[in-house]
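Residue numbers (the working numbering), protein chains in the order written: chain A, 2 to 290; chain B, 87 to 381.
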């Protein structure tokens with residue numbers, strides 16, 4: 002029981018990272034209507050740019066992380082402007098293949114610059130907090146709290162601001178939104194910036210927990226996709242819930258089965274959701290068909 | 087030099103088989119199979135391991151193709167009714183799971199170190215003749231697959247696949263069983279990829295998990311897309327260009343680029359990624375698009 006609860010705590014911290022990456026994937030899926038495979042590679046870029054500034058240029062870590070996030074937001078936005086925006090009237094198939102191309106380009110750009118060797122952030126080791134016999138590292142606690150804060154802000158933004166209303170209008174019916182005078186281009190651009198930035202944050206947080214390799218983000222593709230379909234496409238709170246479930250399931254599989262079968266557990270979750278509730282646990286609309 | 091050329095031609099023809107298989111699934115049917123390498127791996131491991139137990143190689147290869155096809159069946163049943171994105175990602179998941187099974191199930195696959203000592207095709211011949219004989223067998227196999235697929239393209243089955251690809255709803259309204267057609271296309275393609283894997287195993291006489299990474303899948307994708315999705319001849323042309331590119335870039339350093347091996351590999355995949363994007367932006371139908379009659 003002790004081990005079980007400890008594993009669940011670790012799973013929540015992993016799930017928080019998955020959520021940060023998944024939310025952008027979900028928003029793009031909802032608004033631009035394709036799975037942007039390259040989205041997860043943005044997380045990798047975030048981690049490596051942060052590493053560059055924090056280690057080589059001796060920038061304080063929080064500042065380096067902000068630079069990393071900004072770099073990712075710029076990269077994601079650039080990919081949108083250069084590639085996806087030009088293809089927006091094409092079928093989803095065309096966009097998803099293009100996104101694989103972008104994904105390859107970005108991942109191997111990282112390999113080209115930083116090599117495929119494992120690297121790590123140079124962060125101090127902190128003693129774990131203990132309560133009631135359980136341990137949680139300050140970094141995990143920070144990851145969880147930061148993610149909750151981000152999702153609270155995101156939820157409020159989407160629900161109560163003009164941007165959020167416009168975004169929902171564009172996602173429900175793009176042409177109607179345009180007729181109604183919603184500046185859809187600006188809204189969509191902002192959505193890409195936010196989604197990419199959050200993926201960058203997710204990559205940096207993952208880099209705190211794990212080693213950096215060019216596959217850092219790629220490993221998140223399946224968990225993030227699983228979180229999106231589990232939570233229901235386009236639902237921000239659903240994505241968070243889905244990601245936490247995926248994080249916990251993956252961590253349990255790693256402990257009770259084999260560490261490398263985390264991917265198999267996540268895959269099994271995807272299969273289950275597609276079989277039983279393709280619209281997601283929290284999604285109401287039949288978006289899967 | 088001659089054995090180098092034979093080696094490249096063998097790998098090239100294995101890629102041709104993989105490309106023809108993907109062209110059936112993607113080019114003809116519109117299925118985004120991003121897990122192609124899984125069928126390749128299943129074919130290679132099945133055939134290799136079975137022949138190690140003493141099964142004659144041709145039977146082992148047939149078993150490899152069969153199992154690769156069977157393994158794709160549940161994937162097809164699960165995803166072909168969903169939006170195309172779901173198949174794409176689920177197929178990636180499928181191939182990652184297959185690879186992690188290869189890495190972990192030591193009792194079956196011997197784990198990360200791989201399976202050495204797989205019986206070679208035409209093992210009785212000296213090295214160069216052996217290569218030439220394997221090449222000849224592959225030429226025959228690829229020709230048979232090519233003719234079979236060309237026939238299929240013109241047969242009612244092929245027309246139904248393209249109808250589904252171009253307008254699923256209309257095809258359904260005409261009474262075509264979409265799920266059945268798509269699943270059969272996926273399974274047949276997977277079996278062909280499995281056959282390619284079997285040739286690979288009995289040519290190299292060694293298989294290991296790191297030979298079956300997602301990069302293989304996307305090498306095949308770029309070959310099919312550049313060549314012309316939907317056209318079997320285009321796929322062969324695309325494969326030829328891919329091999330030319332992969333082999334040609336080995337000599338980039340001779341041009342004065344001082345890159346180490348891993349940087350060169352990375353640059354190669356950056357170019358493949360960029361090529362995929364550029365194809366989608368400027369020439370989605372490829373160099374040799376299918377003629378209007380068959381497309």
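Ideal Cβ positions, reconstructed from N, Cα and C, are used throughout, including at glycine.
What in chain B is Cβ-close to residue i, meaning under 8 angstroms?
i	result
residue 56 of chain A	None at all; the shortest Cβ gap to chain B is about 20 angstroms.
residue 262 of chain A	186, 190
residue 223 of chain A	175, 178, 179, 182
residue 259 of chain A	190
So, does the CB of residue i fall closer than 8 angstroms to a CB anywhere in chain B?
i	result
residue 99 of chain A	yes
residue 64 of chain A	no
residue 271 of chain A	yes
residue 28 of chain A	no
residue 35 of chain A	yes
residue 172 of chain A	no
residue 78 of chain A	no
residue 289 of chain A	Legend: pLDDT at residue 289 of chain A = 43, less than 50; position of this residue unreliable, value from coordinates given subsequently. Yes, residue 289 of chain A lies at the interface with chain B (some Cβ there is under 8 angstroms from its Cβ).
residue 250 of chain A	no
residue 268 of chain A	yes
residue 87 of chain A	yes
residue 200 of chain A	no
residue 152 of chain A	no
residue 175 of chain A	no
residue 71 of chain A	no
Return the chain-ordered list of same chain residues with a C-beta closer than 7 angstroms to the C-beta of residue i, the five sequence neighbours on each side being excluded.
i	result
residue 2 of chain A	none
residue 273 of chain B	155, 158, 159, 162
residue 122 of chain B	104, 108, 279, 303, 306
residue 214 of chain A	117, 119
residue 333 of chain B	94
So if DSSP puts residue i in a beta bridge, which residue, or which two residues, is it bridged to?
i	result
residue 136 of chain A	A:131
residue 120 of chain A	A:213
residue 293 of chain B	B:201
Counting only Cβ pairs nearer than 7 angstroms, list the residues of chain B close to residue i.
i	result
residue 95 of chain A	366, 370
residue 139 of chain A	Within chain B, no residue comes near residue 139 of chain A; the closest Cβ sits about 32 angstroms away, beyond 7 angstroms.
residue 117 of chain A	348
So, helix, strand or coil for residue i, using DSSP?
i	result
residue 38 of chain A	coil
residue 106 of chain B	helix
residue 58 of chain A	coil
residue 240 of chain A	helix
residue 258 of chain A	coil
residue 268 of chain B	helix
residue 99 of chain B	helix
residue 236 of chain B	helix
residue 191 of chain B	coil
residue 3 of chain A	helix
residue 305 of chain B	helix
residue 282 of chain A	coil
residue 91 of chain A	coil
residue 144 of chain B	helix
residue 375 of chain B	coil
residue 315 of chain B	coil
residue 64 of chain A	helix
residue 86 of chain A	coil
Near residue i, which residues of its chain fall below 6 angstroms by C-beta distance, leaving aside the five closest residues on each side in sequence?
i	result
residue 133 of chain B	146, 147, 150, 284, 287
residue 329 of chain B	98
residue 60 of chain A	54
residue 130 of chain B	283, 286, 287, 293
residue 184 of chain B	124, 127
residue 354 of chain B	335
residue 265 of chain A	none
residue 358 of chain B	308
Closer than 7 angstroms by beta-carbon distance: list the chain A residues that pair up with residue i, in chain order.
i	result
residue 152 of chain B	Within 7 angstroms Cβ-Cβ: nothing; residue 152 of chain B doesn't reach chain A, min ~23 angstroms.
residue 170 of chain B	93, 94
residue 166 of chain B	What residue 166 of chain B touches in chain A: nothing, since even the nearest Cβ is about 11 angstroms away.
residue 304 of chain B	101, 105
Considering only residues of the same chain and omitting the five flanking positions on each side of residue i, which have a CB-CB separation below 8 angstroms?
i	result
residue 228 of chain B	99, 102, 103, 106
residue 379 of chain B	Here the model assigns residue 379 of chain B a pLDDT of 45, short of 50, so the residue's position is not dependable, and the following value carries that caveat. Cβ neighbours of residue 379 of chain B beyond the five flanking positions: none.
residue 207 of chain B	143, 216, 219, 220, 223, 285, 288, 289
residue 169 of chain A	159
Just checking residue i against the ligand ZN - is the residue's beta carbon closer than 7 angstroms to any of the ligand's heavy atoms?
i	result
residue 138 of chain A	As far as ligands go, the structure on display features none, and thus does not contain the ligand ZN.
Going along chain A, which residues have a C-beta under 8 angstroms from residue i?
i	result
residue 353 of chain B	109, 113
residue 116 of chain B	94
residue 362 of chain B	98, 99, 101, 102, 105
Does any residue of chain A bring its CB to less than 8 angstroms from the CB of residue i?
i	result
residue 359 of chain B	yes
residue 349 of chain B	yes
residue 139 of chain B	no
residue 356 of chain B	yes
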